[in-house]
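Take 73 as the starting number for the sequence shown in our numbering and just add one per residue. Idealized CB from N, CA, C, for every residue including glycine. This report concerns only the one structure given below.
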Amino acid sequence: MEKVRVKIVSFAALAASMGSLPAMAQTTSSTTQDKQPAPTSDSRGIAPAPSVAASLVDHSVGEIVVTAQKRTERLIDVPVAVSVVTGERLASQQINDSQSLTRAVPALTYQQGGAPNNSSFRIRGVGTSLFGQGVEPSVSVVVDGVVAPRASSGFADLLDIERVEVLRGPQGTLFGKNATAGVINIVTARPANEFGGHVEATIAERQEYRVKGTLTGSIAEGLRGRLSGYYNNVGGHLYNIKTDSYQGGFESWGLRGKLEWDPTSSLNFLLSAEVREYDANCCATPFVRVENPVLAQILRPLVVTSSDNHTNNNDNLSYVKTDLTQISLQADWDIGPVTITSITAFQGYQELNQLEQDQIVSDPTPFVGAAAFASWNFQPARQKQKSYTEEVRIASNGGGDLTYVAGIFLSKLDLHRNLVRRRQTCSAGVVGQPCTGTIVNQSGGFDAQFDSESASIFGQADYRIWGGLHVLGGLRGQYEKQRVEGSQFGPLMTGDVLFPGTTVNEGISERDGTAVTGKAGLRYEIDRNLQTYFSYTRGYKAFALDLGATTIFTNNPGLNPEHVDAYELGAKWRHASGVFDLNAALFRSDYKDLQTQTVISDPVTGVFTVQQINAGKSRTQGFEIESTMRPSDTLSIAMSFSYTDATIDVDGLQCALQQQAAAPILTANFPINSCYRRRITTNGVVTTSPPIVDVRGGQLPVAPKYRVSIQPRYEAEFGSTFRAFAQASINFQSSSLFAVNQDPLLKQKSYAIVDLTAGFSDASERYTVSVFVRNLFNTNYYTGLAHAAILQSTTQPFDLQASYAKDSQRYAGATLSLRF
73 MEKVRVKIVS
83 FAALAASMGS
93 LPAMAQTTSS
103 TTQDKQPAPT
113 SDSRGIAPAP
123 SVAASLVDHS
133 VGEIVVTAQK
143 RTERLIDVPV
153 AVSVVTGERL
163 ASQQINDSQS
173 LTRAVPALTY
183 QQGGAPNNSS
193 FRIRGVGTSL
203 FGQGVEPSVS
213 VVVDGVVAPR
223 ASSGFADLLD
233 IERVEVLRGP
243 QGTLFGKNAT
253 AGVINIVTAR
263 PANEFGGHVE
273 ATIAERQEYR
283 VKGTLTGSIA
293 EGLRGRLSGY
303 YNNVGGHLYN
313 IKTDSYQGGF
323 ESWGLRGKLE
333 WDPTSSLNFL
343 LSAEVREYDA
353 NCCATPFVRV
363 ENPVLAQILR
373 PLVVTSSDNH
383 TNNNDNLSYV
393 KTDLTQISLQ
403 ADWDIGPVTI
413 TSITAFQGYQ
423 ELNQLEQDQI
433 VSDPTPFVGA
443 AAFASWNFQP
453 ARQKQKSYTE
463 EVRIASNGGG
473 DLTYVAGIFL
483 SKLDLHRNLV
493 RRRQTCSAGV
503 VGQPCTGTIV
513 NQSGGFDAQF
523 DSESASIFGQ
533 ADYRIWGGLH
543 VLGGLRGQYE
553 KQRVEGSQFG
563 PLMTGDVLFP
573 GTTVNEGISE
583 RDGTAVTGKA
593 GLRYEIDRNL
603 QTYFSYTRGY
613 KAFALDLGAT
623 TIFTNNPGLN
633 PEHVDAYELG
643 AKWRHASGVF
653 DLNAALFRSD
663 YKDLQTQTVI
673 SDPVTGVFTV
683 QQINAGKSRT
693 QGFEIESTMR
703 PSDTLSIAMS
713 FSYTDATIDV
723 DGLQCALQQQ
733 AAAPILTANF
743 PINSCYRRRI
753 TTNGVVTTSP
763 PIVDVRGGQL
773 PVAPKYRVSI
783 QPRYEAEFGS
793 TFRAFAQASI
803 NFQSSSLFAV
813 NQDPLLKQKS
823 YAIVDLTAGF
833 SDASERYTVS
843 VFVRNLFNTN
853 YYTGLAHAAI
863 LQSTTQPFDL
873 QASYAKDSQR
883 YAGATLSLRF
């Protein structure tokens with residue numbers, strides 16, 4: 073056996089040289105249905121603390137079990153590229169919220185916008201980051217079977233998590249019309265029969281305080297309960313000179329309760345309710361490049377000399393406040409050959425955000441030279457949504473020659489959104505000093521109601537036709553109806569003038585349609601621990617009516633549906649002893665009418681407008697490898713490597729600001745990937761277009777080609793008294809762009825982040841103490857990058873602003889965990 077292990081470790085080392093990332097889920101031999109206690113919990117339903125126990129397991133037994141195809145299966149049997157991250161691993165890596173999952177999953181990235189409603193996840197380079205909330209996300213976030221209708225309501229603390237499954241590639245057959253890039257399937261822990269609990273507290277530099285806890289146990293015969301909650305108070309990481317304080321912090325809390333009842337041995341009900349609130353002093357975007365001397369004068373005493381500047385000098389008037397309420401009832405009826413499941417859910421979500429657009433000190437109003445405005449502090453936006461969903465499905469039990477799942481899904485979304493904005497212009501004065509000329513206020517806004525209803529019927533089956541050869545097939549039919557009623561209005565106050573770009577109008581638009589999508593493929597089971605598969609998937613995302621600050625509500629055709637044809641060839645292997653596993657996937661997805669957006673800025677008025685567009689086509693292709701080595705009971709090494717070539721072809725984008733002045737005027741032979749203007753003759757009248765670029769083979773935003781992760785963990789027992797562990801997380805990604813028009817200034821350079829954690833627990837694992845360092849080598853990186861919001865022009869195009877995460881700078885902390 074030892075010789076075999078040496079050979080396995082040697083082979084694993086070869087794979088490690090290529091990179092990879094694992095599904096580090098705890099293993100289980102269970103094949104029970106979803107209604108059973110989660111496989112990684114102990115007998116009380118309490119997930120182990122982030123201690124040595126997280127991986128001190130008997131490798132000769134047990135397997136990873138997932139519900140990635142809406143029925144309980146071994147991970148190795150699922151013909152989909154899936155990364156599984158357990159609650160223990162989330163805790164040990166200090167992954168506290170869904171946005172931070174990017175540190176654990178190879179092909180998942182996160183693009184930060186000015187607020188949650190225009191931030192997004194991306195899988196294999198594809199995602200949706202649009203201001204207009206009529207567009208659904210391309211990456212679906214599902215929590216305990218309930219779909220988040222918009223990306224913003226899917227961003228949350230990861231509280232009392234059993235596991236997170238990230239399904240890569242289109243998953244529309246089973247998960248619906250907002251899963252053209254993939255699914256983040258979050259499974260939280262269920263109530264347990266025995267009383268138990270878990271409390272965890274974290275303290276870190278820059279005034280970060282977190283506490284979370286869980287209680288669970290039996291209430292009466294057949295009735296169990298679980299109550300989990302968290303509270304966070306996290307200080308800011310961006311220093312503000314004017315207020316002598318830090319920006320970027322937040323306060324949040326959440327509470328989730330579950331009641332589980334077994335009226336009979338075959339019938340189970342699970343009632344879940346959750347509330348959470350989030351209040352952030354967020355969205356400040358420090359200047360990281362300033363070449364305009366007028367802007368440099370206005371920013372004083374702040375002097376920007378570095379591309380990793382974390383200091384602001386502004387009025388500190390940006391914030392985001394959100395609250396969510398979610399209630400769901402799941403019923404599972406096991407009738408022998410099949411289990412019938414119903415999930416009924418309601419979700420209410422509100423978001424209020426205010427963006428200080430100018431990011432300068434503008435009280436009193438300064439003179440900024442020839443710029444179009446001197447103060448732009450007022451731009452509050454509110455979003456309120458109510459979502460109702462019902463899913464009923466039937467799934468086969470056991471593992472016979474034919475396994476299947478089929479069902480219906482109904483949803484209704486009511487979304488209300490409005491925004492108002494007001495700014496001041498100044499006619500004369502000394503640059504950087506209070507205005508001495510005429511001040512004119514410009515104001516306007518919009519208000520819109522979005523309603524959608526959809527209905528789907530779906531089914532997917534796996535049939536063994538010969539030996540280990542299985543044929544796969546699935547179909548989904550869906551109907552969608554949307555309605556938008558809205559208006560643009562202004563000015564807001566007597567004496568104001570209409571905000572540039574605002575067109576006073578009001579109207580109603582409606583649209584509906586149907587689509588049929590599906591999946592087909594083959595799976596070959598070489599043996600119980602080695603399988604290969606090939607699949608073809610036809611995906612679809614619904615059309616989208618617009619509701620934004622520049623929407624003409626009297627004529628609102630919106631966006632066309634997004635379609636994708638995806639191909640995936642994969643293999644999954646697990647050594648019978650459990651000391652090594654390897655998952656690999658080769659993929660290609662071709663998108664037509666990809667729904668995206670471009671930002672058009674007017675250098676004269678200083679106003680930017682956001683245009684939703686359908687890209688001509690987009691393609692993402694590449695390969696991924698995930699692996700875990702467990703050469704001994706004390707050492708595990710998780711690895712990953714992903715290569716993603718994500719490209720886009722789209723015409724007529726506004727070209728980069730610094731390229732516009734030299735744009736030639738052409739009548740034919742238009743170039744690609746180069747800025748130009750079109751000469752247009754209409755009825756003898758000659759005009760020219762704005763500077764545009766026709767992109768061919770451009771890189772999709774926030775889509776690095778290479779990502780590599782290595783995560784070793786060492787554990788040791790010291791007699792019967794205590795256990796200790798140490799682990800590292802090394803994550804590298806290559807360069808990426810932040811703008812679809814391929815603006816070379818808006819580029820994130822390649823970087824690597826190293827995190828360290830060490831700790832110990834008592835022999836019974838009642839307590840665990842750990843210390844950690846995030847970003848050990850203090851590597852700077854951005855989560856967003858854009859041209860300056862003020863004083864940008866074709867003659868002064870090089871001023872840039874950036875968004876940062878807290879771990880863009882090194883910080884340390886400690887966590888204490890208690891279980892009972």
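Beta-carbon separation (whole angstroms), residue i vs residue j, contact threshold 8 Å
i	j	result
D216	V156	In fact, because the Cβ distance is near 16 Å, the residues do not count as touching under 8 Å.
I275	V211	Wrong, their Cβ atoms sit about 32 Å apart, outside the cutoff.
V636	P242	5 Å
D894	S559	Residue numbering for the chain in the displayed model covers 73 to 892; residue 894 lies beyond these limits and cannot be assessed.
E349	S390	So it is not a contact: roughly 18 Å between Cβ atoms.
Cβ-based neighbour list, residue i, same chain, cut-off 7 Å, excluding 5 preceding and 5 following
i	result
A478	R465, I466, F530, G531
T668	I685, A687, V812
R553	Arg is not the amino acid found at residue 553; the sequence shown has Lys there. Contacts found: S524, E525, D584.
V150	V138, A140, Q141
G307	R278, Q279, E280, Y318, G321
T411	Q105, D404, W405, A467, N469
Helix, strand or coil at residue i [DSSP, three-state]
i	result
I370	helix
D149	helix
S378	coil
R278	coil
V143	This sequence places Arg at residue 143; Val is not what is there. Coil.
K878	helix
F832	strand
P784	strand
A223	helix
Q873	strand
Q560	strand
Q667	strand
L729	helix
F247	helix
P629	coil
A253	coil
Residue(s) in a DSSP beta bridge with residue i
i	result
Y854	None, per the DSSP bridge assignment.
Q554	S524, R583
C498	I511
N425	V392, A453
M701	F652, I709
H859	L872
N312	S317, N384
E837	In the DSSP output, where bridge partners are listed per residue, E837 has none listed.
F481	E463, S528
Cβ neighbours of residue i in the same chain (closer than 6 Å, five flanking residues each side left out)
i	result
Q783	A710, S801
D662	D637, R691
F359	V376, Q873
F341	W333, A403
I399	A345, F418
L327	G301, V347
Q457	Y421, L487
R536	D473, H542
A656	A643, I697
N490	R454, D519
Cut-off 8 Å between Cβ atoms - residues of its own chain near residue i, not counting five sequence neighbours on either side
i	result
G509	F439, C498, S499, A500, G501
N847	I825, V826, D827, D879, S880, Q881, R882, Y883
Test: residue i CB closer than 7 Å to a CB of chain B
i	result
A368	Among the chains in the structure shown there is no chain B, since it carries only a single protein chain.
Three-pair Cβ contact test at 8 Å for the stretch 368-377 versus the stretch 323-338: no
Touching by the beta-carbon criterion (3+ pairs, under 8 Å), the stretch 487-502 and the stretch 438-457: yes
Given 8 Å as the limit, is there contact between the stretch 766-783 and the stretch 706-726, that is, 3 or more CB pairs closer than that? yes
With three or more C-beta pairs closer than 8 Å as the rule, is the stretch 855-874 touching the stretch 826-840? no
Answer yes if the stretch 733-748 comes into contact with the stretch 758-768, meaning at least three C-beta pairs across the two stretches below 8 Å, and no otherwise. yes
Stretch pair the stretch 650-664 + the stretch 229-248: three plus CB contacts closer than 8 Å: Contact check between the stretch 650-664 and the stretch 229-248: three or more CB pairs, one atom from each, fall below 8 Å, which counts as touching.
Any 3 or more C-beta pairs closer than 8 Å across the stretch 813-830 and the stretch 161-170: yes
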